[in-house]
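Visitor: Under the numbering used here, the first residue of the sequence shown carries the number 17, and numbering increases by one thereafter.
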Amino acid sequence: MNTAWWAFIGTAGFAVLLGPVLIPLLRILKFGQTVRSDGPQTHLRKTGTPTMGGLLFIIPITLVSYYLAGESREVILALVALVGYGLVGFADDFIKVALHRSLGLKARHKLSGEIALGLALSMLAMMLTPRGTAVSLFSYSIDLGWFYPFFGLLVLVATTNTVNLTDGLDGLAAGTMLLASLGYAIICRLAGHDGLAVFALAVAGGCLGFLVYNRYPAKVFMGDTGSLALGGALGMLAILTGTELLLFVIGGIFVAEALSVIIQVLSFRLTGRRVFRMSPLHHHFELCGWHETRVVAMFWLAGAGLAAAAVVIYLLAG
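See below:
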């Protein structure tokens, strides 16, 4: 069997085996989710569900990827993104559970950490890998030169926060990221980034194993620990493969969630009216009467289509 598929199977199995150890530990430590009172009222029953569950896939992804492809600089950078953004999220989650503050880290502190990490990773990618400084789409290419790290920074901060916004329903972020990672695994193999293909399939496997415990009704939440880590991994896959603009397709669900928030805020400030019943978008469908599982299934289906479309676009562009 191909090494990359061993990464998928290994991380999925590792995450499943880690669940019965980590989830009870999170309960003992009383690391339970604090649910915002201004959200959908059906979510109040989720109060106290263990959070920081992103460790369930961060640990397997890191160990398996390093074991199978640790000689690759690209994989090391991708792992630094995964773990680094996971640590920012962990700090946010810890403040939430320790101080019982639903909003966690102050926004400026959280953003500062994301920016510093994003700038460092973008510069390292530019200097240590074949990635270079050009941004391409089909036959068009723009060389950003030393401005590239700032573009890479924007990509990483955007992906981490859009994945974070998507993590609002049981299984939604993990399932959507699973599909996007599978799409990126194919793109990595087509582009000759075999190490990154291992990493992408490890991320997909970790998400699959996590879904055993995060599907409705969730026994554990990934928290910002998990959502920021996954966003960092997705953004780094885009940077290292030179497919940043393709993120609008392969990460289309995350983009739609972010756009719904932007549209909602702008509409309310400019007109005093809201476009959606609630944002992000998944909450709008909930308040329209859709059951949580129906919303998640619809988003997964759309995510699968977008991942497939991204692969087709990549093939056509090649």
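Glycine included, each C-beta is placed from N, C-alpha and C at the ideal position.
Just so you know, these numbers come straight off a predicted model, no measurement behind them.
1) Scan the region 19–51 and note each continuous alpha helix (DSSP H) run of 4 residues or more that stays entirely inside, going in chain order.
2) Keeping to the same chain, check which residues put their C-beta closer than 6 Å to that of isoleucine 74; ignore five residues upstream and five downstream.
3) So, threonine 27 versus glycine 48, is the Cβ gap smaller than 8 Å?
4) With DSSP as the reference, please indicate the residues paired to aspartate 108 in a beta bridge.
5) With three or more C-beta pairs closer than 8 Å as the rule, is the region 34–47 touching the region 191–210?
6) Can you tell which of Gly120, Tyr156 and Tyr164 has the C-alpha that lies nearest to the C-alpha of leucine 137?
7) Going by beta-carbon coordinates alone, are glycine 221 and phenylalanine 24 separated by less than 8 Å?
8) So, does the region 82–91 touch the region 109–117, judging by three or more C-beta pairs under 8 Å?
9) Glutamate 260 and valine 151: beta carbons closer than 8 Å?
10) So leucine 153 is in the beta strand (DSSP E); what residue range does that whole segment cover?
11) State whether the region 307–320 contacts the region 258–272, with contact taken as three or more CB pairs (one from each stretch) at a distance under 8 Å.
12) According to DSSP, simplified to helix, strand and coil, what is proline 66?
13) Classify asparagine 18 as buried or exposed, calling it buried when 16 or more other Cβ atoms lie within 10 Å of its own Cβ.
14) Could you spell out the range, first to last residue, of the beta strand (DSSP E) harbouring serine 157?
15) Taking DSSP as the reference, what is the three-state secondary structure of proline 296?
16) Leaving out five residues before and five after glycine 134 in sequence, what residues of the same chain have Cβ atoms less than 6 Å from its Cβ?
17) Please say whether threonine 192 and proline 296 have beta carbons closer to each other than 8 Å?
18) Quick check on the DSSP output: the alpha helix (DSSP H) that includes aspartate 210 runs from which residue to which?
19) May I ask which residues mark the beginning and end of the alpha helix (DSSP H) holding glutamate 260?
20) Can you give me the Cβ contacts of leucine 262 inside the same chain, cut-off strictly under 6 Å, excluding the 5 residues immediately before and after it?
21) Go ahead and pull the three-state DSSP assignment for lysine 122.
22) Taking the continuous alpha helix (DSSP H) assigned at phenylalanine 270, which residues delimit it?
23) I need the boundaries of the alpha helix (DSSP H) containing arginine 290, first residue and last residue.
24) So, at 7 Å on beta carbons, what are the nonlocal neighbours of threonine 176 in its own chain, with the 5 sequence-adjacent residues on each side left out?
25) Which whole-angstrom value is the C-beta distance of alanine 20 and alanine 201, which I expect to be below 8 Å?
26) Taking Cβ positions, are glycine 105 and glycine 242 nearer each other than 8 Å?
27) Sort Val228, Leu195, Ile329 and Leu275 by Cα distance to leucine 33 and report the nearest one.
28) Just reading off the alpha helix (DSSP H) that valine 236 is part of, what are its end residues?
29) Just to confirm, are leucine 256 and threonine 149 a CB contact at a threshold of 8 Å?
30) Which term fits valine 236, buried or exposed, when burial requires 16 or more other beta carbons within 10 angstroms of its beta carbon?
31) If I measure Cβ to Cβ from arginine 290 and keep anything under 7 Å in the same chain, skipping five residues before and after, which residues do I get?
32) Since tyrosine 330 and leucine 217 should fall inside the 8 Å C-beta cutoff, what is the C-beta to C-beta distance between them, to a whole number of angstroms?
Guide: Checking against the coordinates, here is how it stands:
1) The DSSP assignment places complete alpha helix (DSSP H) segments of no fewer than 4 residues inside the region 19–51 at 19–44, in order along the chain.
2) Cβ neighbours of isoleucine 74 beyond the five flanking positions: Gly102 and Ala245.
3) Going by C-beta atoms, threonine 27 is not nearer than 8 Å to glycine 48.
4) According to DSSP, aspartate 108 bridges with nothing at all.
5) As far as the Cβ criterion goes, the region 191–210 does not touch the region 34–47, which means the pair count is below three.
6) Ranking Gly120, Tyr156 and Tyr164 by Cα distance to leucine 137 puts Tyr164 first.
7) Note that the C-beta distance between glycine 221 and phenylalanine 24 is below 8 Å.
8) In short, these stretches do not touch, since the Cβ pair count stays below three.
9) Contact flag set, yes.
10) Taken as a continuous stretch (DSSP letters only), the beta strand (DSSP E) holding leucine 153 covers 150–153.
11) Contact holds: three or more Cβ-Cβ distances are below 8 Å.
12) Proline 66 falls in the strand class under three-state DSSP.
13) Asparagine 18 is exposed by the Cβ-count criterion.
14) Where serine 157 is concerned, the enclosing beta strand (DSSP E) stretches over 156–159.
15) Coil.
16) Taken in chain order, the residues that qualify are Leu169, Leu172 and Val173.
17) Against a cut-off of 8 Å, the Cβ pair of threonine 192 and proline 296 comes out as no contact.
18) Looking at the DSSP string, the run of the alpha helix (DSSP H) that includes aspartate 210 is 210–230.
19) Following the DSSP letters along the chain, one finds glutamate 260 in no alpha helix (DSSP H), marked with neither H nor E.
20) Within the same chain, leucine 262 has close Cβ partners Ala326.
21) Coil at lysine 122, not helix or strand.
22) Unbroken alpha helix (DSSP H) run through phenylalanine 270: 268–287.
23) In the DSSP assignment, arginine 290 falls outside any alpha helix (DSSP H) and carries neither an H nor an E.
24) Apart from the 5 residues on each side of it in sequence, threonine 176 sits with its Cβ closer than 7 Å to the Cβ of Tyr101, Glu130, Leu244, Gly247, Gly248 and Gly251 in its chain, given in chain order.
25) Confirmed, Cβ separation roughly 7 Å.
26) Yes, the pair counts as a contact, with Cβ atoms nearer than the cut-off.
27) Measuring from the Cα of leucine 33, the nearest candidate turns out to be Val228.
28) Looking at the DSSP string, valine 236 is not in any alpha helix (DSSP H), and its letter there is neither H nor E.
29) No. Outside cutoff.
30) So valine 236 ends up on the buried side.
31) Gln280, Ser283 and Phe284, listed in sequence order.
32) The beta carbons of tyrosine 330 and leucine 217 sit about 17 Å from each other, so the pair does not count as a contact at 8 Å.
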